[in-house]
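Heads up, the thing below is written out as structure tokens.
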Amino acid sequence: MNKIMYLEFERCIGCRACQAACRECGDHDAKERNFVEYVDFMESRQTYPMLCMQCKDPACARVCPANAIQITDDGVVLSAMEEKCIGCRNCTFGCPFGIPKFDFEENKMYKCDMCYDRSQHDIAPMCASVCPSEAIRFIDFDEMQALRRQRSQMNLVEGKKPTEQDKWQYVPEFFGVYTSDE
Amino acid sequence: MTDFMVKKGVKNLHREGEKLITTHCSYCGMQCGMHIRVNEKTGKIAGVEPRYDWPVTNGKLCPKGVTAYQQIDHKERIKRPLIKKNGKFVESSWEEALSLIEEKFTETQAKHGKDALSVFGGVSMTNEKCYLVGKYARVALGTRFIDYNGRFCMSSAAGGFIKTFGVDRGSTLPWPELEHSDCFLIAGSNTAECHPTSIQWFWKARDKGAKMIVIDPRETPTARIADVHIDLKPGTDSALANGLLHLIIKEGYVDEKYVAERCNNYKELQESVETFTPEYTAEITGVAVEKIIKAARMYGASKRSVVMFARGVEQQSKGVDNVTLYTSLALLRGQIGKFASGVATFTGQGNGQGGREHGQKADLLPGYRKLTDPEAVKYISNVWGIDPKDMPKPGVSAFEMFDEVQKGNIRAMHVICSNPAVSAPHTEYVWDSFKKLDFMVVNDFFLSETAEFADVVLPATTWAEDEGTTTNLEGRVIHIRKVTEPRHESKPDWMILSEIAKRMGKGKHFQYETPKQIFEELRIATKGGKADYHGITYDRIDREDGVFWPCPEEDHPGTPTMFKERFATPDGKANLPVVAWKEPGETPTKKYPHILTTGRVVYHYLSGTQTRRIDFLMEQCPLPYVEMHPEMASQYNMQEGETIQLTTARSSMKTEVKLTKAIRKDTLFIPYHWGKELAVNQLTNPCLDPISRMPEFKVCAVKIEKIYEQEGIK
């Protein structure tokens with residue numbers, strides 16, 4: 001599988017179709033494994049989606065004392081194996097993205113597995129399939145590279161050159177509601 | 001013909017023991033393509049699979065679309081006909097329910113005349129059903145009182161388009177072209193929440209550098225991504241549009257050749273916008289002058305632009321005027337009838353487009369024919385096999401039907417696919433009207449707030465248990481497939497209407513066994529009309545990814561782009577409007593000092609009858625709330641999460657405060673999807689547009705008060 005999940009936070013419209021769709025995945029027990037948050041509802045409607053980064057060296061698996069979190073040959077980090085998981089919840093604290101969740105009723109951890117039943121056949125995971133704004137995409141690695149290049153190209157067109165550090169400042173000129181009495 | 005359609009090379013996940021059936025969503029006008037998963041053995045609905053190859057939506061779905069299938073096997077489905085006995089609903093047989101309807105309808109008409117019956121339709125159902133509702137009212141019941149919930153939705157857009165272009169098709173261009181536009185001017189539409197899957201086209205265009213101007217009192221998820229967000233005061237759209245037209249003309253952005261060749265009334269328009277200088281416009285609208293200028297220049301300089309609007313500008317007492325003015329922006333720029341440019345309204349209901357074309361409106365017959373045109377009456381009477389003399393005269397608009405109930409002229413009502421107890425303005429008046437009715441029948445698959453008032457509730461099917469066509473917001477006629485057999489004892493509306501017709505002695509006009517037969521009749525009924533479906537067949541829809549009307553003959557390709565050469569007016573030219581500034585029906589006063597506006601959230605659809613029963617959607621948004629700017633909140637010492645009281649001249653309600661700077665300081669916003677004491681439409685103003693009879697949901701004057709209910713304080 002040479003496909004990657006590509007997130008473009010600014011595109012997110014906060015509809016949470018990705019969460020609803022996550023529950024629809026056959027292996028997900030109707031529980032969502034991703035989330036969408038407001039950056040700051042008081043200030044703006046900007047939201048962002050988050051799902052598992054499928055890290056090469058995942059913190060969740062590293063901190064698991066029972067070695068319950070397995071990684072497939074094509075690099076997908078799976079939910080903890082039921083027979084191994086001891087319910088210590090180290091993974092939920094270890095993950096810097098807040099992805100692993102804990103089911104207190106079943107006493108086991110569950111997490112985003114990139115809809116492995118779909119993605120192993122190169123079919124897009126549910127969240128990326130339905131995301132109306134294409135904030136979440138399931139694309140070839142090369143396509144992702146091209147998208148990155150295109151971003152800087154657009155910024156040249158606009159006469160701006162954001163870097164990874166300050167790209168958040170490159171939002172529309174009129175940001176926030178203000179009226180003429182100010 | 002198979003039930004599963006997929007283009008070559010597109011992969012879907014097929015699970016063992018399941019089949020996929022290709023259809024569209026039940027909700028808004030986007031009509032997103034989807035496959036529904038059905039267990040082959042049990043027939044149970046298993047879920048949804050994206051339809052990656054539907055050209056309008058590319059497999060994308062919003063959370064409502066993802067969970068739409070959960071309506072079908074929902075535990076709250078009405079299983080059998082319900083009859084109210086001693087104030088309580090009791091399950092009954094179809095025979096008993098239909099006999100009661102026959103008896104009451106006949107009795108009412110014998111006592112009070114034919115027009116004592118009325119029909120209140122809706123457009124969240126197929127063309128076949130919408131068409132039949134009109135025929136049912138006029139042929140089976142013989143009443144002139146028929147209208148539909150599109151009056152609360154699309155009627156201003158329809159009125160504006162008919163005035164300007166001579167025909168009302170929601171979009172003059174097919175939406176996949178949006179990707180190639182250079183500029184979008186979007187007024188009164190929070191499309192990111194209300195039509196979420198449309199946002200992909202705007203984003204695609206923006207990736208190539210397209211500009212976006214959003215006109216909305218709130219900084220919605222749509223406005224957030226705009227280049228210019230014009231945060232105008234609710235109800236001042238006509239002034240703003242006049243102001244933009246003023247600048248387009250003054251700064252030389254007008255396509256003079258196009259206007260001279262294809263538009264009437266340019267001189268008059270020029271004169272009428274003369275006074276709308278940016279300063280004067282800013283004074284009325286409360287928008288900064290530089291934003292108006294920036295927007296006008298951005299829009300004016302764009303080669304290919306699309307003007308789009310939705311209920312924000314339409315649900316006003318000047319809705320039609322607003323539509324004609326915004327549409328003129330596109331006309332002056334010479335944008336209509338060309339590639340990737342034009343004008344479009346975002347159709348709110350699933351079949352808002354098709355449903356308003358086929359005779360559910362008080363004054364219209366199928367194919368957009370006018371009931372006041374004797375030729376049209378003759379043609380349709382012939383199709384229906386009735387004497388033209390028996391064709392009822394035009395009735396009144398949806399909200400005015402309740403006036404007729406109050407006056408005692410309407411004594412019984414049949415509500416089909418609608419929930420006016422939530423969606424009409426000034427709901428207390430509507431509730432009182434329902435109580436005044438001698439007899440009321442409701443078709444629905446959940447017990448809606450309206451159904452609770454009924455004497456008989458007939459269990460209808462959901463969209464997935466019947467076949468038919470809808471017309472999406474582009475004007476593309478598409479195919480809804482039957483996914484499964486009707487649940488419990490429910491029946492599709494067309495079957496229910498046909499059975500009542502039979503009992504009213506009009507059975508020979510309602511001899512249908514399949515929806516396809518109704519569609520065949522509809523094709524003939526619309527032949528030669530403005531919305532001509534004659535060349536459209538189920539097979540063509542499947543083969544061609546939908547067919548755009550007008551399509552007069554089977555070898556006609558359909559009409560994706562409207563008005564390429566001429567407009568549908570008698571002289572072929574578009575009519576530019578002249579609109580003077582007028583205040584909305586209510587403006588803030590000392591007693592009611594703020595402006596209240598209403599709208600949707602992404603998790604709910606219309607009156608919420610369907611979406612308020614879906615777990616995922618209710619987890620995200622269980623209750624209405626009022627959005628308030630923190631500056632207004634601090635003037636009243638109100639805090640986040642506090643329950644406050646809102647009062648207008650109609651009534652008052654309590655709801656929770658949600659603080660945000662993404663709204664004007666003088667404006668409050670409440671979503672409208674809830675009923676009874678949670679319905680914001682208790683407060684809204686039923687001030688009607690003079691042409692479209694659209695109520696002014698979007699503007700009313702309101703006062704807010706703190707509620708002192710802490711322990712120890714009285």
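Chains A and B supply the protein sequences, listed in that same order.
Quick note, the first sequence lines up with residues 1 to 182 if you use UniProt numbering.
Quick note, the second sequence lines up with residues 1 to 714 if you use UniProt numbering.
Glycine included, C-beta positions come from ideal geometry on N, C-alpha and C.
Scanning chain B for C-beta atoms nearer than 8 angstroms to the C-beta of I123 of chain A yields K11, N12, L13, reported in chain order. Counting every other CB atom within 10 Å of its CB across the protein chains shown gives Q645 of chain B a total below 16, marking it as exposed. By the neighbour-count criterion, in which 16 or more other beta carbons inside 10 Å mark a residue as buried, R224 of chain B falls on the buried side. Shown here, G166 of chain B sits in coil according to DSSP, grouped into three states, outside any helix or strand. Across the UniProt domain "4Fe-4S ferredoxin-type" (43-74) of chain A, CB contacts with chain B closer than 8 angstroms involve E43, S44, R45, Q46, T47, in sequence order along the chain. Around A146 of chain A, no beta-carbon contact reaches into chain B at under 8 angstroms, the shortest distance being about 12 angstroms. If you look at M5 of chain A, you'll find it in the beta strand (DSSP E) that goes 3-7. Between the C-alpha atoms of I71 of chain A and C64 of chain A there is a straight-line separation of about 13 angstroms. A check of alpha carbon separations from I213 of chain B across B:C32, B:M694, B:Q315, B:L185 identifies B:L185 as the nearest. Among the residues of the stretch 606-625 of chain B, those with a Cβ less than 7 angstroms away from any Cβ of chain A are F616, Q620, in the order of the chain.
Taking a 10 Å sphere around the C-beta of L269 of chain B, we find 16 or more other C-beta atoms and assign the residue as buried. Within chain A, the residues whose beta carbon sits less than 7 angstroms from that of V48 of chain B are E24, listed in sequence order. Closer than 7 angstroms to the CB of W384 of chain B there is not a single CB belonging to chain A. Taking 7 angstroms as the cut-off, the Cβ atoms of M50 of chain A and A68 of chain A do not count as close.
In terms of Cβ geometry, L659 of chain B and M628 of chain B form a close pair [threshold 7 angstroms]. Assignment of C687 of chain B by DSSP, reduced to helix, strand and coil, places it in the strand class.
Between S118 of chain B and I410 of chain B, the C-beta gap is smaller than 7 angstroms, which places the two residues in contact.
Ranked by Cα distance from A330 of chain B, the options B:N322, B:G319, B:V343 are led by B:V343.
Taking the beta carbon of D117 of chain A as reference, the chain B residues within 8 angstroms of it are L13, listed in sequence order.
Looking at the backbone, the Cα of I78 of chain B and that of W494 of chain B are separated by about 17 angstroms.
With a threshold of 16 other beta carbon atoms within 10 Å, Q511 of chain B falls short and is exposed.
A contact is defined here as three or more CB-CB pairs under 8 angstroms, and the stretch 535-544 of chain B meets this definition with respect to the stretch 470-488 of chain B.
In the DSSP annotation of this structure, N419 of chain B is not part of any alpha helix (DSSP H), being labelled neither H nor E. At a C-beta separation below 7 angstroms, C62 of chain B has these neighbours in chain A: C15, A17, P132. Residues of chain A with a Cβ closer than 7 angstroms to the Cβ of W203 of chain B are, in chain order, R11, S133, E134. In this structure, T345 of chain B sits away from A460 of chain B, with a CB-CB distance that is not shorter than 7 angstroms. In the three-state reduction of the DSSP assignment, L141 of chain B falls in the helix class, which pools H, G and I.
Sorting B:P552, B:K361, B:K676, B:A412 by C-alpha distance to the C-alpha of M694 of chain B places B:K361 at the top. If you draw a straight line from the Cα of Y672 of chain B to the Cα of A424 of chain B, it comes to about 10 angstroms. When secondary structure is reduced to three states using DSSP, C130 of chain B falls in the helix class. The Cβ atoms of T67 of chain B and F616 of chain B sit closer than 7 angstroms to each other. Close CB contacts of P552 of chain B within its chain, under the 6 angstroms cut and outside five residues either way in sequence, are with D532, H534, G535 (chain order). Three or more Cβ pairs closer than 8 angstroms define a contact, and the stretch 85-95 of chain B falls short of that threshold against the stretch 50-64 of chain B.
At least one CB atom of chain B sits nearer than 7 angstroms to the CB of F41 of chain A. Rounded to the nearest angstrom, the Cβ distance from V626 of chain B to L683 of chain B is 11 angstroms, too far for a contact under 8 angstroms.
In this structure, the CA atom of A97 of chain B is about 6 angstroms from the CA atom of P81 of chain B.
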